[in-house]
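Engineer:
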Amino acid sequence: MRNSLFSFLFIVFACVSLDAQQPSKPESSVEKIMKSISHFQIREGNRDSTLRQPLGSVTEADAKRRFDFYDSIYTELNKLNTAELPIADLINLELIKYDVEDERSAFNFQAYLNPILSDEGFHTSLAAMGSQVLSTKKEFENYIERLNDIPRYVGQHLANMREGLRRGVSQPRAILNGYENTYNQHIVDDVERSVFWKPFLQKPFSLSVEDWTKLTADARTAIRNSAVVGFRQIKTFFDNEYLPMARTTIGVSHFPNGLAYYQDRVQHYTSTNMNYEEVYAIGLSEVARIKDAMMGILKEVKFKGTLKQFISSLRTNPKFYATTSVQLLKEASFIAKKADGMLPRFFGRLPRQPYGVEPVPAHLAPTYTAGRYSGAGLSSKRSGSYWVNTYDLKSRPLYALESLTLHEAVPGHHLQIALTKEMTELPNFRRNLYVNAFGEGWGLYCEFLGTEMGFYKDPYSHFGKLTYEMWRACRLVLDVALHTKGWTREQAVTYLAENTALSLHEVNTEINRYISWPGQALAYKIGELKIREFRQRAESKLKDKFDIRDFHDLVLSQGSVTLKILEEMVERFIEEKLK
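Residues 65 to 643 in the working numbering are what the sequence shown spells out, letter by letter.
(1) Does Ile314 come out as helix, strand or coil in the three-state DSSP assignment?
(2) Among residues of its own chain, excluding the 5 on either side of Phe133, which ones have a beta-carbon nearer than 7 Å to its beta-carbon?
(3) Quick one: what's Trp451 bridged to in DSSP?
(4) Under a Cβ-count criterion, where at least 16 other Cβ atoms within 10 Å of its own Cβ denotes burial, should Asn304 be classed as buried or exposed?
(5) Grouping DSSP H, G and I as helix and E and B as strand, with all else coil, what is Gly185?
(6) Can you tell me whether Asp83 is buried or exposed, with buried defined as 16 or more other CB within 10 angstroms of its CB?
(7) Short check: CB of Lys605 to CB of Ile638, under 8 Å?
(8) Run the CB neighbour count on Leu642, radius 10 Å, all protein chains shown included, and call it buried at 16 or more, exposed below.
(9) Among Ile361, Gly505, His526, which has the Cα closest to the Cα of Thr515?
(10) Take the Cβ of Ala191 as the centre, count every other Cβ of all protein chains shown within 10 Å, and call the residue buried at 16 or more, exposed below.
(11) With 16 as the cutoff for other CB atoms within 10 Å, does Pro320 come out buried or exposed?
(12) With a cut-off of 8 Å, do at least 3 Cβ pairs link the stretch 491-511 to the stretch 288-300?
(13) Apart from the five residues on each side of it in sequence, which residues of its chain come closer than 8 Å, Cβ to Cβ, to Glu472?
(14) Distance, Cα to Cα, Thr146 vs Leu442?
(15) In terms of alpha-carbon separation, which member of Lys383, Glu244, Glu167 lies closest to Leu181?
(16) Taking its Cβ as the centre, do 16 or more other Cβ atoms sit within 10 Å of Glu632, making it buried, or is it exposed?
(17) Within 10 angstroms of its Cβ, does Ser81 collect 16 or more other Cβ (buried), or is it exposed?
(18) Any idea if Glu640 is buried or exposed, counting beta-carbon neighbours within 10 angstroms, 16 or more meaning buried?
(19) Taking DSSP's pairing of strands, which residues face Ile180 in a bridge?
(20) DSSP state of Pro236, grouped into three classes?
(21) Just tell me which of Ala556, Leu620, Ile590, Lys201 has its CA closest to the CA of Arg536.
(22) If we ignore side chains and look at the alpha-carbon of each, how far apart do His427 and Asn248 end up?
(23) Residue range of the alpha helix (DSSP H) that Phe384 falls in?
(24) For Arg636 versus Phe615, is the C-beta spacing smaller than 8 Å?
(25) His187: which of Val259, Ser349, Val499 sits nearest, CA to CA?
(26) Considering only C-alpha positions, which residue in the set Leu240, Leu568, Thr387 is nearest to Arg311?
(27) Any idea what DSSP makes of Pro461, helix, strand or coil?
(28) With H, G and I counted as helix, E and B as strand and the rest as coil, what does DSSP make of Leu149?
(29) State the CB to CB distance for the pair Gly360 and Pro461, rounded to an integer number of angstroms; the pair is presumed to be in contact (CB under 8 Å).
(30) In angstroms, rounded to a whole number, what distance separates the CA positions of Phe410 and Asp404?
(31) Are the Cβ atoms of Glu124 and Asn224 separated by less than 8 Å?
(32) With Ala283 and Ile208 assumed to form a contact (beta carbons below 8 Å), what rounded beta-carbon distance in angstroms separates them?
(33) Assuming Val122 and Pro215 form a contact by the criterion Cβ under 8 Å, report the distance between their Cβ atoms to the nearest whole angstrom.
(34) Which one of Ile137, Gly623, Phe493 has the shortest CA to CA distance from Arg413?
(35) Got a sec, what are the start and stop residues for the alpha helix (DSSP H) Gln480 sits in?
(36) Let me check understanding here. Comparing Cα to Cα, which of Gly505, Gly315, Glu533 lies closest to Asp356?
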């Protein structure tokens, strides 16, 4: 299906007439399939979204019912005659199939039995409810109803995890040190210290005193008797069952049918047909290339020693670290604002939604990465947020902050995701779809773009840029080695520590992430390499007709797409420019 679809895409993009073929009409329209999926997801609460009412049901029977639905959609997709579909429907069709294949895999490989990662899980999504901005009586009532639903929802997830332990589908014990921070802090005696109380810190002007008194009383009861109770359930389960029984192996190859599962994840997260050995070879090549560039920095600063010694000096030199959380946030904000000012030189279309710079929430920070982007719906009364981790400041090097900011804020994730949400011409599912190879590839490409934007002016920030690039190259090696080649966690930690200037705290949280989330870390470097390849192709063919603003607008014009779709878009862009 994938190959034939894109042969048709190429034909349509190349403007070859298909009139003579007289194709029969598709058995079912793409629009009908999209509506069918949308209605099903609304009805089932399929995304486990804690921002909807109710919280949804996640039993194994629910997983089977969802699988049956998506399996029927998959069959229907394969019956479609693509010959007469317009380009927009061809793109929609490919992306529906990409998403549906992932839904089918989640059941076939029992991923629903393993709903946690090394730094988050289904329960941290519950805690995110506290960040909602509520203003009407009905919104507060719905929120309280969701709070009261937490014990049931938690109980279903714990039942799945218990079954996962029995079947050998769990996270390794080795990566769960400190995981208790993700749930212990929500077990509070004082309701007003709970993250779930945040929406009640200030009474909206529109609510009467009588209504507010009742709502706050109901919220106190719900937090005390439901939210806290649910998190006590989680603590008891982890203390008594999960941690003692979690597997002692590392790679996902130890799962039932584990190697097939890993290959499935490789293809999903790279949105290509690559196998994991190809990815591994690319990783080794990129590590060698970037290491040569790093050695050039050592010569530039006249450092007399090895790369390992230089990295050690960066980790221990206090001038490269903020002394307060406020200082780190100010540094990140300055870089973000500088990047904002550069955007019109590189982009013709910019999003309306603003973003802020905020610390990673305290309940996530100890085991979280250096930074991340947290998006917001256009109707959510919130801006997007560039989260900067202010926990353990001595592990947050300033020399890497430019790369981090360009990736997570602008021109990286905020610009890309906010633009997509504003594309009202796209179907709803497209505005919410996230293809990792595209999104994370774009983020890493934006780190590369930083040089043209005027960043990395001093050798240490340039080394920070290289260490972030090396970090993503190492992921190609480490992810494959951990999950298919029997590498231990200690081997992986040593490899990443010796090849990058990431702090040792970051090294350890990163390795835990790769172990817990097989394949996802491959998306960054594979996606970036492809976007750079497509740009180089356009520059080479168009020469003086190449406009960087037009190219970037094109890349972001269809929202999140697979790399194959993006390649076809670039080819069409080149053809149009050469006419």
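Yeah, the Cβ is synthetic: ideal placement off N, Cα and C, and Gly gets one too.
Structural biologist: Per the coordinate set shown:
(1) coil
(2) Phe104
(3) Glu422, Arg436
(4) exposed
(5) strand
(6) No answer about Asp83 holds up, because its pLDDT of 39 lies below 50 and its placement is not dependable.
(7) yes
(8) exposed
(9) His526
(10) buried
(11) exposed
(12) no
(13) Gly435, Arg436, Tyr437, Tyr450, Trp451, His478, Gly507
(14) 34 Å
(15) Glu244
(16) buried
(17) For Ser81, the pLDDT reaches just 35, beneath the cut-off of 50, and the residue's location in the model is therefore unreliable, although a value from the coordinates is still provided. Burial call: exposed.
(18) exposed
(19) Gly185
(20) strand
(21) Ile590
(22) 9 Å
(23) Element bounds for Phe384: n/a, residue is neither H nor E.
(24) no
(25) Val259
(26) Leu240
(27) strand
(28) coil
(29) Not a contact, Cβ separation roughly 20 Å.
(30) 11 Å
(31) yes
(32) 6 Å
(33) Not really, about 14 Å apart at Cβ, beyond 8 Å.
(34) Gly623
(35) 477-485
(36) Glu533
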